[in-house]
Amino acid sequence: MSILRQRPAEESTQLTPTDRAIVDELRSDGRLPNATLAERVGLSPSACHSRVRALRDRGVIRGFTADVDPAALGCAIQALVFVRIHPRARSGLEQFAETLRVRPEVAQLYFLGGSDDFLIHLWARDSNHVRDFVLDALSSSQAVAHTDTKLIFDHHRAVTPTAL
């Protein structure tokens, strides 16, 4: 799937209350043992395992990841870099995004609507690393019209509901 495309709203998956409970539990702890998950959502372990497999097959659960502390990896600074692309470079958005996506400093990459085109969540060793990334990976690109860098002082993960 293209990194610039999302699932259309009409393709969104309808979830049962039990499926939502499973998703909520796994969002909180992706390593939750199946037996514990089954008990929490009121299913037998085999039924719970089948539901989780079905949620993965349908693309509701895309994978399981570790919540890593960037500082433990030597990345003492995090930054958000907003990027605006030149109008004449719009045809190369996909390629530009792919070159950013594979950079080791890029923790997350968002394609935006509005005045900015991309938001890059950056992990860096120090402020020089942030500066070098902006200068070497962004400002040197003819596709980039403007960047705006914000340092992150603190981060709190929000609990996102499975339905709004």
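Numbering (the numbering used here), first residue to last: -9 to 154.
All C-beta atoms, glycine included, are put in the ideal place defined by N, C-alpha and C.
Source: prediction; values computed, not measured.
Taking a C-beta distance under 8 Å as the contact criterion, residue 124 and residue 137 qualify as a contact pair. For the set 20, 6, 21, 135, the Cα lying nearest the Cα of residue 79 is the one of 135. In this structure, the alpha-carbon of residue 139 lies about 23 Å from that of residue 62. Secondary structure note for residue 43: it is in no beta strand (DSSP E), and the uninterrupted alpha helix (DSSP H) holding it is 35 to 47. For residue 85, the enclosing alpha helix (DSSP H) has its first and last residue at 83 to 91. C-alpha of residue 129 to C-alpha of residue 108: approximately 14 Å in a straight line.
Beta-carbon to beta-carbon, residue 9 and residue 33 are separated by about 11 Å, too far to satisfy the 8 Å threshold.
In summary, residue 68 is buried, with 16 or more beta-carbon neighbours lying within 10 Å of its beta-carbon over all protein chains present. Comparing alpha-carbon positions, the option among 115, 105, 20 lying closest to residue 96 turns out to be 115.
Apart from the 5 residues on each side of it in sequence, residue 27 sits with its Cβ closer than 6 Å to the Cβ of 15, 38 in its chain, given in chain order.
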